[in-house]
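Undergrad:
Residue numbers (our numbering): 2 to 298.
1. Could you check which residue in 161, 285 and 35 has the C-alpha nearest to that of residue 61?
2. Can you tell me whether residue 277 is buried or exposed? The criterion is at least 16 other CB atoms within 10 Å of its CB, across all chains shown.
3. For the beta strand (DSSP E) containing residue 6, list its first residue and its last residue.
4. Could you check where the beta strand (DSSP E) with residue 1 kicks off and where it finishes?
5. By the three-class DSSP mapping on this structure, what secondary structure does residue 121 have?
6. Which ranges does the alpha helix (DSSP H) cover as unbroken runs of at least 4 residues, wholly within the stretch 7 to 34, from first to last along the chain?
7. Go through its chain and collect everything with a Cβ distance to residue 224's Cβ below 8 angstroms, but skip five positions before and after it.
8. Count the other CB atoms within 10 Å of the CB of residue 284; is the residue buried (16 or more) or exposed (fewer)?
9. Between the beta-carbon of residue 85 and the beta-carbon of residue 96, is there less than 8 angstroms?
10. Out of curiosity, what's the CA-to-CA distance linking residue 111 and residue 211?
11. One question on the structure: do residue 155 and residue 166 come within less than 8 angstroms of each other, judged by their Cβ atoms?
12. Measure the beta-carbon distance from residue 108 to residue 63 and round it to whole angstroms, keeping in mind my assumption that it falls under 8 angstroms.
13. Locate the beta strand (DSSP E) running through residue 76, then write down its first and last residues.
14. One question on the structure: do residue 187 and residue 236 come within less than 8 angstroms of each other, judged by their Cβ atoms?
15. Beta-carbon separation of residue 171 and residue 148 under 8 angstroms?
16. Using 8 angstroms for Cβ pairs, my map puts residue 104 next to residue 78. What's the rounded Cβ distance?
17. What does DSSP give as the partner residues of residue 53 in its beta bridges?
18. For the alpha helix (DSSP H) containing residue 90, name the first residue and the last one.
19. If we ignore side chains and look at the alpha-carbon of each, how far apart do residue 135 and residue 3 end up?
20. Check whether the stretch 68 to 83 and the stretch 9 to 28 touch, using three or more Cβ-Cβ pairs below 8 angstroms as the test.
21. Can you have a look at residue 298 and say buried or exposed, based on whether 16 or more other CB atoms are within 10 angstroms of its CB?
22. Three or more beta-carbon pairs under 8 angstroms between the stretch 23 to 33 and the stretch 41 to 58, yes or no?
23. Could you check whether the stretch 251 to 266 touches the stretch 213 to 228, counting it as contact only if at least three pairs of C-beta atoms, one from each stretch, sit closer than 8 angstroms?
24. Around the C-beta of residue 159, are 16 or more other C-beta atoms found within 10 angstroms, so that it is buried, or is it exposed?
25. Please tell me whether, using a cut-off of 7 angstroms, the distance from the CB of residue 97 to the nearest non-hydrogen atom of the ligand FMN is below it.
26. Keeping to the same chain, check which residues put their C-beta closer than 6 angstroms to that of residue 137; ignore five residues upstream and five downstream.
27. Mind reading off the beta-carbon distance from residue 217 to residue 203? Whole number of angstroms is fine, and I expect it under 8 angstroms.
28. With distances taken from CA atoms, which of 113, 140, 254 and 246 is nearest residue 265?
29. For a test of the three-state rule: what should DSSP assign to residue 210, helix, strand or coil?
30. If you reduce the DSSP assignment to three classes, tell me which class residue 223 lands in.
31. Take residue 121 and list the residues in its own chain whose beta-carbon comes closer than 7 angstroms to its own, dropping the five residues that flank it on each side.
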C-alpha cells in the first residue's frame, strides 16, 4: 500500500497512523510527492493507493490517479479540521464530511476525512491531563482547537477518564478508525480477487493439462486451497455478512462458525451466492478438524 499526494499533504503522517493500526498483512510505503517541478511523478503501482488531499481536489491530483482503477484508490481529505468556515467543535467534523463528499464527486474516488496528526497524538501524560483540566488552550499547539475541544468534552463527560481514555478520544476524533476499517475492507477484497484468480487458473490448468491434473486437483482439495476458496467467496456474499461470527480461535468457535454459515444457505438468491456460502462453511469445517485433531472424522 502507498500513501501518495502532493508535497505537504501529510503522506508520512498518514503512513504512520495507518501503520499503528496494525492492519494484518499490510505493508505501507510512502511515495515521493507528485507535482514537483522538474521531477517526474512517482509510479503509483501498489495494490492500494491512499491518495491524500488537502482542502480540495486539484488538477495535479486528478492527473496522478487518472489511470488507476477505483478499487485501487482511496482518497483521504487530510487536515480536515481546517476546512469550512466555522471552527466550532460541533461544526468541524460535519464540514469535513461534507467536503470529503464533494471531493469524492470531484475526484471520482471514495473519500474519507482525517486529521492525521491527531491520530498520531499518542497517549497524553499526566501533566497533560492537569493542563486539560485547568488551561486547555495551552494544548492547542499540539492537539489543535478541535482536538482539545473533543478531549475536554470526553473529560467533562467522564471526570475519572485516565490518560489512555483521553488518548482514545483524540484518536476517535481524528477519523482514523473509519479509515482503518475502509483500508482493511479494501485489502480483504484485493486478497479475495487474487485468490479467485489463482483458483480459476488452477482449475483451468487441471482441465487442460492431463500431466498436471492429479497434482493440481490434490492441491485444490487441500486446506490451503479451501482457505483461498473461502476468501474468494466473500466477493459474492452480501452486506449481511457483517453479522457473521468472528474468526475462530478454538475448535468450538470453528464449529459455531460452520453452523452459522449453514444457516445462511437458504437465504441465498443465486447459485453463485449459494456456492460461496458452501465454500466458506467448508473452510470452517477444515479449521474445526485442524483445531480439534479430528482430521479423520
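The beta-carbon is built from N, C-alpha and C at its ideal position, and this holds for glycine as well.
TA: Let me spell this out:
1. For the purposes of this step, residue 61 is taken as residue 60 along the chain shown, with counting starting at 1. Checked all of 161, 285 and 35; the closest Cα to residue 61 is 35.
2. Working through the chain shown from its first residue, we reach residue 277 at position 276. It is buried - the Cβ of residue 277 has at least 16 other Cβ atoms within 10 Å.
3. Taking the chain shown and counting its residues from 1, the one referred to as residue 6 is at position 5. For residue 6, the enclosing beta strand (DSSP E) stretches over residues 3 to 6.
4. The structure shown does not extend to residue 1, since the chain is modelled only from 2 through 298, so no value can be given for it.
5. Taking the first residue of the chain shown as position 1, residue 121 is located at position 120. Here residue 121 sits in coil by DSSP.
6. With a minimum length of 4 residues, the continuous alpha helix (DSSP H) runs that stay inside the stretch 7 to 34 are 12 to 21.
7. Counted from its first residue, the chain shown places residue 224 at position 223. The residues are 287 and 291.
8. Residue mapping note: residue 284 aligns to position 283 of the chain shown, counting from 1. Per the 10 Å Cβ criterion, buried.
9. As a first step, residue 85 must be located in the chain shown, where it is residue number 84. As a first step, residue 96 must be located in the chain shown, where it is residue number 95. Contact: yes.
10. Locating residue 111 in the chain shown gives position 110, counting from the first residue. Locating residue 211 in the chain shown gives position 210, counting from the first residue. Cα to Cα, the separation comes out at about 46 angstroms.
11. Numbered from 1 along the chain shown, position 154 holds the residue referred to as residue 155. Numbered from 1 along the chain shown, position 165 holds the residue referred to as residue 166. If you check the CB distance, residue 155 and residue 166 come in under 8 angstroms.
12. The count along the chain shown starts at 1 and reaches residue 108 at position 107. The count along the chain shown starts at 1 and reaches residue 63 at position 62. That pair is a contact at about 7 angstroms.
13. One-based indexing of the chain shown puts residue 76 at position 75. Here the beta strand (DSSP E) through residue 76 covers 74 to 79.
14. In the chain shown, the residue the question calls residue 187 occupies position 186. In the chain shown, the residue the question calls residue 236 occupies position 235. Taking 8 angstroms as the Cβ cut-off, residue 187 and residue 236 do not qualify as a contacting pair.
15. Counting from one through the chain shown, the residue named residue 171 turns up at place 170. Counting from one through the chain shown, the residue named residue 148 turns up at place 147. Contact: yes.
16. Residue numbering aside, residue 104 sits at position 103 when the chain shown is read from its first letter. Residue numbering aside, residue 78 sits at position 77 when the chain shown is read from its first letter. 6 angstroms between Cβ atoms; contact.
17. Position 52 of the chain shown, counted from the first residue, corresponds to residue 53. Paired residue(s): 6 and 77.
18. Numbered from 1 along the chain shown, position 89 holds the residue referred to as residue 90. It spans 90 to 108 - the alpha helix (DSSP H) in which residue 90 sits, taken as one unbroken run.
19. By 1-based counting over the chain shown, the position of residue 135 is 134. By 1-based counting over the chain shown, the position of residue 3 is 2. Going from the Cα of residue 135 to the Cα of residue 3 covers about 41 angstroms.
20. yes
21. Mapped onto the chain shown, residue 298 falls at position 297. Note that residue 298 has pLDDT 43, beneath the 50 cutoff, so the model's placement of it is unreliable and the number below is only indicative. Label assigned to residue 298: exposed.
22. yes
23. no
24. The sequence position of residue 159 within the chain shown is 158, counting from 1. The residue is exposed, with fewer than 16 neighbouring Cβ atoms inside 10 Å.
25. Although the ligand FMN was asked about, the structure shown includes no ligands whatsoever.
26. On the chain shown, residue 137 is found 136 positions in, with the first residue counted as 1. Excluding its 5 nearest sequence neighbours in each direction, residue 137 has C-beta neighbours in its own chain below 6 angstroms: 149 and 153, listed in chain order.
27. Locating residue 217 in the chain shown gives position 216, where the first residue counts as 1. Locating residue 203 in the chain shown gives position 202, where the first residue counts as 1. The pair is a contact, with the Cβ atoms about 5 angstroms apart (cut-off 8 angstroms).
28. What you label residue 265 is simply residue 264 of the chain shown in a count that begins at 1. Residue 246 is the option with its Cα nearest to residue 265.
29. As a position in the chain shown, residue 210 is number 209, starting the count at 1. In the structure shown, residue 210 sits in coil (DSSP, three-state: anything other than H, G, I, E or B).
30. Counting from one through the chain shown, the residue named residue 223 turns up at place 222. Reduced to three states, the DSSP call for residue 223 is coil.
31. Position 120 of the chain shown, counting from 1, holds the residue named residue 121. Closer than 7 angstroms at the Cβ level, and outside the excluded window around residue 121, lie 14, 17 and 18.
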